[in-house]
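Novice:
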Amino acid sequence: MARLYADENFSQPVVNRLRELGHDVLTTRDVGKADQRISDPEVLQYASEVERILLTFNNWDFVTLHERMPDHAGIIACTEDRDIEALAQRIHAVLEANPDMKGKLVRIKRPNLLSGASSKSG
405 MARLYADENF SQPVVNRLRE LGHDVLTTRD VGKADQRISD PEVLQYASEV
455 ERILLTFNNW DFVTLHERMP DHAGIIACTE DRDIEALAQR IHAVLEANPD
505 MKGKLVRIKR PNLLSGASSK SG
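Every position in the sequence shown, counted from 1, becomes a number in the numbering used here once 404 is added.
Laid out in structure tokens, this is it:
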């Protein structure tokens, strides 16, 4: 399964569900980087250094960073969703369909916000 790194604002319940689905998910809290106001480029750099796909709700900033810093382990930028199970399942499906996320950005949106998922490669 996938190796993921959830940024500071990502949902812990979704992280927990992804772990139940077999994914190896680290959070900023797990690695001692919580509550430090670390910049987005540093978050992406760290995820790349530890070879983990970044999980974030910060769509716009990471879309821009993907264009500026295309050599990363992958980015999954999600729209927040109160349906934890549905969001975890959409992320899981993307990971199964894209076993190699290196250099890729995938945006996952709630179904009622246009399409369910879109992707963009660098």
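For every residue, glycine included, the Cβ atom is placed at its ideal position computed from N, Cα and C.
Label S519 either buried or exposed according to how many other C-beta atoms from any shown protein chain fall within 10 Å of its C-beta, with 16 as the threshold for buried.
Specialist: Below a pLDDT of 50, predicted positions are generally treated as unreliable, and S519, at 46, falls in that range; no measurement from the model is reported.
Novice: May I ask you to report which of helix, strand or coil DSSP gives T432?
Specialist: In the structure shown, T432 sits in coil (DSSP, three-state: anything other than H, G, I, E or B).
Novice: Inspect the beta-carbon positions of F414 and L459 and report whether they are closer than 8 Å.
Specialist: It is a contact, given that the beta carbons lie within the stated cut-off.
Novice: Do the region 475-491 and the region 443-457 meet, that is, are 3 or more Cβ pairs less than 8 Å apart?
Specialist: Counting Cβ pairs under 8 Å, three or more are found: they touch.
Novice: Less than 8 Å between the CB atoms is what I'm expecting for R407 and E455, so what's the real figure, rounded?
Specialist: Between E455 and R407 the Cβ distance is about 6 Å, and since that is below 8 Å, they are a contact.
Novice: Which residues does DSSP pair with L458 in a beta bridge?
Specialist: Y409 and I479, per the DSSP bridge assignment.
Novice: Determine the closest residue to N516 out of E484, A492, N463 and I495, with distance taken between C-alpha atoms.
Specialist: The residue with the shortest Cα to Cα distance from N516 is E484.
Novice: Among A481, E412 and I457, which residue has its Cα nearest to the Cα of K513?
Specialist: Out of A481, E412 and I457, A481 has the C-alpha closest to the C-alpha of K513.
Novice: What does the Cβ neighbour count give for G526, buried or exposed, with the cut at 16 atoms within 10 Å?
Specialist: Unreliable placement is indicated for G526, whose pLDDT of 47 sits below 50; the coordinate value is still reported in the next sentence. G526 comes out exposed.
Novice: In this structure, does DSSP put S452 in helix, strand or coil?
Specialist: S452 falls in the helix class under three-state DSSP.
Novice: Take V535 and list the residues in its own chain whose beta-carbon comes closer than 8 Å to its own, dropping the five residues that flank it on each side.
Specialist: Residue numbering for the chain in the displayed model covers 405 to 526; residue 535 lies beyond these limits and cannot be assessed.
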